[in-house]
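Here the structure comes first, spelled out in structure tokens, and everything after it is commentary.
In our numbering, the protein residues as written are -4 to 196.
If you want it as structure tokens, here you go:
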């Protein structure tokens, strides 16, 4: 979890209190504390139920929506064939890529962003697909470089290291693909991240 997100979340709570919006502050604080508990719990687990992982993703997205004043919308579609309680996945693999979509893909986008997350069964693998209609990786990288900032987050690097470490133990490997989406004229229209995880129960 990006430390900036934690600091900004606390600042948002303070802002709601200062502006005398107790209901919004209470709801945000409740979601924030739940997410922190989930992260702390999952940080010591190699695998968690998919149900818990989806709950963490939803909490994170809802917090970001409030903080960014509905800068984006999202949907999460889950294959009915998947048993959410018994299916196990490594925790927090998707979160850094979702964070990148919001922080780099949507922040500078002139119109509201859209993110679609789908989780489906594919043979003996669970397929996660996250697609956004943000500004694209190339433009985001150029903006970051112009501001003398590192485009790739530390959490993304840690996730890639985790996948590498997990794959050393797995017979069927976790795969990751990042696809730059373009229209018929070659203009960037978003990013798609796809990873597949061996089915565990």
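The beta-carbon is built from N, C-alpha and C at its ideal position, and this holds for glycine as well.
In the three-state reduction of the DSSP assignment, residue 62 falls in the helix class, which pools H, G and I.
Looking at 81, 112, 183, the one whose alpha-carbon comes closest to that of residue 136 is 183. A straight line joining the alpha-carbon of residue 187 with that of residue 156 spans about 20 Å. Ranked by Cα distance from residue 22, the first of 36, 61, 34 is 61. Note that the stretch 2 to 14 does not touch the stretch 68 to 87; fewer than 3 beta-carbon pairs, one per stretch, sit closer than 8 Å. The C-alpha of residue 83 lies about 4 Å from the C-alpha of residue 44. Counting of Cβ neighbours within 10 angstroms places residue 132 among the buried residues, the total reaching 16 or more. Within its own chain, the residues whose Cβ lies closer than 7 Å to the Cβ of residue 113, once the five positions on either side in sequence are excluded, are 72, 124, listed in chain order.
Burial state of residue 181 is exposed, judged by a 10 Å Cβ sphere holding fewer than 16 other Cβ atoms. With contacts defined as CB atoms closer than 8 Å, residue 78 and residue 108 fail to qualify as a contacting pair. No Cβ-Cβ contact shorter than 8 Å links residue 85 with residue 153. Selection 167, 172, 185 evaluated against residue 119 yields 167 as nearest (Cα-Cα). Close CB contacts of residue 130 within its chain, under the 7 Å cut and outside five residues either way in sequence, are with 100, 103, 104, 183 (chain order).
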